[in-house]
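What follows is a short report on a single structure.
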Amino acid sequence: MVQYKQKNRSGGIILANKLVLIDGNSIAYRAFFALPLLNNDKGVYTNAVYGFTTMLLRILEDEKPSHVLVAFDAGKTTFRHKTFEEYKGGRQKTPSELSEQFPLIRQLLDGFGIKRYELESYEADDIIGTLSKQAAEGDWVVNVYTGDKDLLQLVTENVKVTLTRKGISEVEAYDLKQVEERYGLTPHQIIDMKGLMGDPSDNIPGVPGVGEKTAIKLIKQFGSLEQTLDSIDQVSGAKLKEKLSENKEQALMSKELATITHEAPIEVSLEDSVYKGYEPEQLLPLFKDLGFNSLLERIGGDTGQEMVSEEEKETIEFEEAKALNDKILSSPAALIVETTPETYHRAPVNGLAIVNENGKFYIPGDLALSSPEFKKWAEDESKEKYVFDAKRAYVALDWNDISLQGVKFDLMIASYLLNPSDSGDDVAVIAKRYGIHDTDGEEAVYGKGAKRKVPEISVLSEHMVRKANSIYVLQEKLTNELKKNEQYELFADLELPLSLVLGEMETTGVKVDVGRLQAMGRELTEQLNALEAEIHELAGVAFNINSPKQLGEILFEKLNLPPIKKTKTGYSTSVDVLEKLEGKHEIIRKILVYRQLGKLSSTYIEGLLKVVDQQTDKIHTRFNQALTQTGRLSSTEPNLQNIPIRLEAGRKIRQAFVPSTPGWKILSADYSQIELRVLAHISQDDNLMEAFKKEMDVHTKTAMDVFHVEMEDVTSQMRRHAKAVNFGIVYGISDYGLSQSLNITRKEAGEFIEQYLKTFPGVKEYMESIVRQAKQDGYVSTLMNRRRYLPEITSRNFNLRSFAERTAMNTPIQGTAADIIKKAMVEMERVLKEEKLEALMLLQVHDELIFEVPEHEIEKLSQLVPQVMESALGLDVPLKVDLNHGDTWYDAK
DNA sequence: GTGACCACGC
DNA sequence: GACGTACGTGGTCACA
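Take the first sequence: its letters are residues 75 to 967, numbered as in this note's numbering.
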């Protein structure tokens, strides 16, 4: 364990005491403005605390001080206000986001065992001035850390001042020599300089018209402010002479204000600031609470995927169930169905855990899965269960012929809805965010990569009981937070039911025509071999076409083609680069085809064949319900949301996706322009709403309005551009992004966007108001109150801020579309059951639902599906669904 | 194992 | 004027 301890004095020689004085307010300010507005899981801002902490850790490591003291300003008025009432007047009020962090900084310093001090009527500077003088007189070595150049006046033989530069990441130490180099003045003359030039940030007037250059020149010439004022007649320049004599008094007062006192009536002694090193145990809970996970390691804490050490864990008492009775199978109960992390399809159940008001129980897998009592309890809707990742539990049990019902709380989903940015699939990680630290992460228990294995049962049983206990303990807290955010309906009526729907879709799986896939694979391999030979022939040498590095060398060095774009590591060989080279060499076309076919072969043929269930020829994807920042689902192992469609060669892959029962059909229903319809609704833009109400082609309509032409005069080029702009609006891309996708200049792209917003003033108004709202609230919401926090929207970093602004505009659109289709899915599943239909919902691809349907239900479904989807959520514009069916997914177009 | 690069979908 | 620009998943290569 790394622990900071005062180092032994070398060779027994006692060196001078070393005192570090920190200007607390100044460093906190710097940190606050340098870092984006981070917050922890409780919504408390922590950026200043974080910056302060990293700085402090570095100071302690670099300086290894024997004494440390952090000085703070106290109150608003100081003795300087008696001299000059407007001292520090006109200063912007400290933002509340910062002031609320000061108590945390104080707590943190206490945790470090570092003395802090503030004194009524005095500023931090004065405390530092007084202590540094005392220390220097005692022959101590002093280093002052601040962001304020004024403190340079304190530099002496023994006292250094270290200034923060550029944010907080860089610092610069000033001793006598460096002050001289920088200003050509002694530290004491800094005050004279200030008297002349003033300081706008403190509202110190100085002499108007005199800036740093003139001030330094005068002080160099005459030695001090007083001597300058005594010798005004020797000053060169009539204007300057006049200014100086007019503002004598003001200059003297300014000097007084800028002078840091060495005589503050402080009640601390140097010895009070003794620093003995910190105890990691004191800091761990603070850091965890603040969410400083990256700093835990630096102070010798755990990173989350190491076992929580035994001392930190309270022992947990639990019972191993020998038989299942009402005491164990009561309600409500937290339930863990333990499966080895990763895929849960056909996964063995490693055991179960239940925590309820009667106690904590570990239940061996065999016992539960073979127990009729357990099945009855699990399937009983009225027995309330609290879980983590309901779908995992649901599917794992479903493979064992148990249909889990009555899930009333899912910790994973709840945490995701409260804040999608710190979601996760690990109980421990989420529990920690909410203050529970005794649960190990999955990786710590199971190991990772090659080392993954199911641990011995004593470890595993305790692990699952701890997880169940975390859920049990956190249920109320998160439920309350959801209610407070008005997200409980989203949670209970949408996402929870959806997880069961998704679970059913996943277990149902999609049938694949393996023979067909293999045949396509063979054909592709032949084509690839032929192409490879031709490419090598044209290049004059055999090389790996899949290696961007080798390909780049061949194209741009051997064949001397012009390198259009570079990447960090070499030449770019991406599609848009190759397309620009297409006319220049016949090898290019072949490489493009090789790339396209190679992708199909490796990702889609081989990739899919790898995950086909050998017994049933079905593919069971997993939908991740708690991952994307917008509320969309994602799909893994395999990803069935990116099966090719645009290019015919790729689209053919879809021919391998077939119904699981002979004679059935694949039916696909996709929302037409759902995001733009949502945008029309949210923005209430008349023009856009009209397009949908009149059922116009929205891209054509956009082209007509943006280019001011009649419908029949819209060229395909215009429509393509309009479509790209609409696309950009929906996905929140920038002018740069648009310029890339249309291969036009950024300026032109910017003009397009501007023209678009002129045409749709309601949209413009929406874009502006949503950004304002995001700045005010810190988050944006969808129609169903899904949230996304955007702390960076107040960042002073242009990039971070712009990105957050585009996100603010885009997330309510994309997220509401996600809400709508999710709602339709829940409703659809209900209707299928209610109508006793055999048809099965198989997949969701963001704006599209895929079903397999018996022939005789096609007609019924063709009516029901659009009806359900179009009425999922009432908008002020109609929703429209396009429907297709066929023998394979390919044919459902 | 990890990061860079590339490519597929919405 | 620079900054480095939708969100995902997954394959391959090349490095350690």
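For glycine and all other residues, C-beta sits at the position ideal for the given N, C-alpha and C.
- The beta-carbon separation of Met778 and Glu784, rounded to 7 Å, stays under the 8 Å limit for a contact.
- Note on geometry: alpha-carbon atoms of Ala524 and Val686 lie some 23 Å from one another.
- When rounded, the separation of the alpha-carbon atoms in Leu172 and Val235 is 25 Å.
- Beyond the five residues adjoining it in sequence on each side, Gln549 comes within less than 6 Å, by CB distance, of Tyr460 and Phe483 in the same chain, given in chain order.
- Taking 9 Å as the cut-off, the beta carbon of Gly425 is found no closer than this to the beta carbon of Met579.
- The shortest C-alpha to C-alpha distance from Val423 to any of Tyr436, Ile188, Glu431 and Asn430 is the one to Tyr436.
- In the DSSP assignment, Thr885 falls within the unbroken alpha helix (DSSP H) covering Phe872 to Glu908.
- Residue pairing of Val955 in beta bridges, as defined by DSSP: Tyr745.
- Apart from sequence neighbours up to five positions away, the residues of its chain that approach Val348 with a beta-carbon distance below 6 Å are His141, ordered along the chain.
- At a cut-off of 4 residues, the continuous stretches assigned as alpha helix (DSSP H) that sit fully inside the stretch 585-649 are 588-613 and 622-627.
- When secondary structure is reduced to three states using DSSP, Ile278 falls in the strand class.
- Secondary structure at Ala397: coil, using DSSP grouped into helix, strand and coil.
- When C-beta atoms of the stretch 593-600 are compared with those of the stretch 664-680, three or more pairs fall below 8 Å, so the two segments count as touching.
- Around the beta carbon of Arg165, a 10 Å sphere encloses fewer than 16 other beta carbons of the protein chains shown; the residue is thus reported as exposed.
- When the alpha-carbon of Ser855 is set against those of Ser876, Met883 and Asn871, the nearest one is in Met883.
- Between Ser328 and Lys268, the beta carbon gap of about 7 Å places them in contact (Cβ cut-off 8 Å).
- Apart from the 5 residues on each side of it in sequence, Ile545 sits with its Cβ closer than 6 Å to the Cβ of Ala408, Tyr460, Phe462 and Leu485 in its chain, given in chain order.
- Remark: fewer than three beta-carbon pairs, one from each stretch, lie closer than 8 Å, so the stretch 485-503 and the stretch 581-590 are not flagged as touching.
- Per DSSP, Ile803 is one residue of the alpha helix (DSSP H) stretching across Ser790 to Tyr805.
- For His795, the number of other beta carbons within 10 angstroms of its own is at least 16, and it is reported as buried.
- A residue is called buried once 16 or more other Cβ atoms fall within 10 Å of its Cβ, and Ile531, having fewer, is exposed.
- Leu369 sits close to Thr127, with the two beta carbons spaced by under 9 Å.
- If the five residues before and after Asn958 are omitted, its C-beta is found closer than 7 Å to the C-beta atoms of Ser742, Ala966 and Lys967, all from its own chain and listed in chain order.
- The DSSP-derived three-state label of Asp147 is coil.
- Between Thr647 and Leu674, the C-beta spacing is not below 9 Å.
- Within the same chain, Cβ atoms closer than 6 Å to the Cβ of Val837 are found at Ser757 and Asp759, the five residues on either side in sequence being excluded.
- When the five nearest sequence neighbours on each side are left out, the beta carbons in the same chain lying within less than 8 Å of the beta carbon of Ala325 are those of Gly269, Leu270, Gly280, Val281, Leu299, Leu303 and Leu318, in order along the chain.
- Inclusion of Ala102 and Ile202 in the CB contact set at 9 Å is not warranted, their separation being larger than that value.
- For Phe483, the uninterrupted beta strand (DSSP E) segment begins and ends at Val481 to Asp484.
- Of the residues assessed, Leu721 falls on the exposed side of the cut-off, its CB having fewer than 16 other CB atoms within 10 angstroms.
- No Cβ-Cβ contact shorter than 9 Å links Thr120 with Phe392.
- Taken in chain order, the unbroken stretches of alpha helix (DSSP H) that lie wholly in the stretch 711-775 and span 4 residues or more are 722-725, 748-757 and 760-767.
- Rounded to whole angstroms, the separation of the alpha carbons of Pro622 and Glu656 is 17 Å.
- Contact between Asp691 and Val588 is confirmed by a C-beta separation of about 5 Å, below the 8 Å threshold.
- Apart from sequence neighbours up to five positions away, the residues of its chain that approach Ser100 with a beta-carbon distance below 6 Å are Thr220, Gly221 and Asp222, ordered along the chain.
- Taking all protein chains shown into account, Ser945 has fewer than 16 neighbouring C-beta atoms within 10 Å of its C-beta and is therefore exposed.
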